[in-house]
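What follows is a short report on a single structure.
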Amino acid sequence: AQSVTQLGSHVSVSEGALVLLRCNYSSSVPPYLFWYVQYPNQGLQLLLKYTSAATLVKGINGFEAEFKKSETSFHLTKPSAHMSDAAEYFCAVSAAGSNTGNQFYFGTGTSLTVIP
Amino acid sequence: NAGVMQNPRHLVRRRGQEARLRCSPMKGHSHVYWYRQLPEEGLKFMVYLQKENIIDESGMPKERFSAEFPKEGPSILRIQQVVRGDSAAYFCASSRPGQKLFFGSGTQLSVL
Numbered sequence: 001a002q003s004v005t006q007l008g009s010h011v012s013v014s015e016g017a018l019v020l021l022r023c024n025y026s027s028s029v030p031p032y033l034f035w036y037v038q039y040p041n042q043g044l045q046l047l048l049k050y051t052s053a054a055t056l057v058k059g060i061n062g063f064e065a066e067f068k069k070s071e072t073s074f075h076l077t078k079p080s081a082h083m084s085d086a087a088e089y090f091c092a093v094s095a096a097g098s099n100t101g102n103q104f105y106f107g108t109g110t111s112l113t114v115i116p
Numbered sequence: 117n118a119g120v121m122q123n124p125r126h127l128v129r130r131r132g133q134e135a136r137l138r139c140s141p142m143k144g145h146s147h148v149y150w151y152r153q154l155p156e157e158g159l160k161f162m163v164y165l166q167k168e169n170i171i172d173e174s175g176m177p178k179e180r181f182s183a184e185f186p187k188e189g190p191s192i193l194r195i196q197q198v199v200r201g202d203s204a205a206y207f208c209a210s211s212r213p214g215q216k217l218f219f220g221s222g223t224q225l226s227v228l
């Protein structure tokens, strides 16, 4: 079985500061891991995904995440926050080899606020 | 190429009425998924459909909820006899087989 825990439902950072959004997963099989972003009044967009290739994954808008098997973590980072990064971020896990949405398990989301 | 289209964006129903939520997948996408987003709970998978077939409905409540994806037209998520607890955002996603998901903007259902 797969599950995801996102620590911190709300994160605030100053513009230009480091963004760190935490995600820990549990999976009985090698996982695929995803980060999605939801801007206000919009659907979710895929930021990046890990599918057992390189452990450091680079995504859109300057975000990246590192898969750490020993820590069962897949934290999302960005070196310098921009006002436009304010959004809801969701971590998700699926069974290895699966891109089908019925095998996705989403975290509860982290709301990122960027302070000018 | 239009994205995943959901309508209406906002739907208000009184208890006991029916709610119909529509989802038009992206062109060329044959797989549709419905998710429900409740406050503090994130997204929960409800149902996975291909044209004229329900592939996985393990996330659907056993009563009052149904979904279809006909050969022609949008996918419909139908909630009969709505209750206040059905109030949530409902998201649809579509994909080609084995490809990444594209999400719609969601339908916010409010039950009075």
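Taken in order, these protein sequences are the chains called A and B. Okay, so the first sequence: first residue is 1 according to my numbering, each after it adds one. Okay, so the second sequence: first residue is 117 according to my numbering, each after it adds one. All C-beta atoms in this analysis are idealised placements derived from N, C-alpha and C, irrespective of residue type, glycine included. Since this is a predicted model, take the numbers as computed values, not measurements.
Rounded separation between residue i and residue j - CA only
i	j	result
residue 29 of chain A	residue 113 of chain A	34 Å
residue 5 of chain A	residue 159 of chain B	13 Å
residue 52 of chain A	residue 33 of chain A	9 Å
residue 10 of chain A	residue 187 of chain B	42 Å
residue 227 of chain B	residue 41 of chain A	19 Å
residue 104 of chain A	residue 94 of chain A	5 Å
residue 79 of chain A	residue 17 of chain A	7 Å
For residue i, three-class secondary structure by DSSP
i	result
residue 121 of chain B	strand
residue 84 of chain A	helix
residue 8 of chain A	coil
residue 133 of chain B	coil
residue 22 of chain A	coil
residue 102 of chain A	helix
residue 138 of chain B	strand
residue 194 of chain B	strand
residue 158 of chain B	strand
residue 61 of chain A	helix
Chain B residues whose Cβ lies nearer than 7 Å to that of residue i
i	result
residue 42 of chain A	221
Buried versus exposed, by CB contacts within 10 Å (16 or more), residue i
i	result
residue 85 of chain B	Limits of chain B in this structure are 117 at one end and 228 at the other, which puts residue 85 of chain B out of reach.
residue 191 of chain B	buried
residue 49 of chain A	buried
Requested in this report: Please confirm if the region 120 to 131 of chain B is in contact with the region 204 to 220 of chain B, defined as three or more CB-CB distances below 8 Å between the two stretches.
Outcome: yes
Requested in this report: Mind the definition here: the region 215 to 222 of chain B touches the region 196 to 207 of chain B only if three or more C-beta pairs lie below 8 Å; say whether that holds.
Outcome: yes
Query - At least 3 beta-carbon pairs within less than 8 Å: the region 142 to 150 of chain B vs the region 65 to 74 of chain A - result: no
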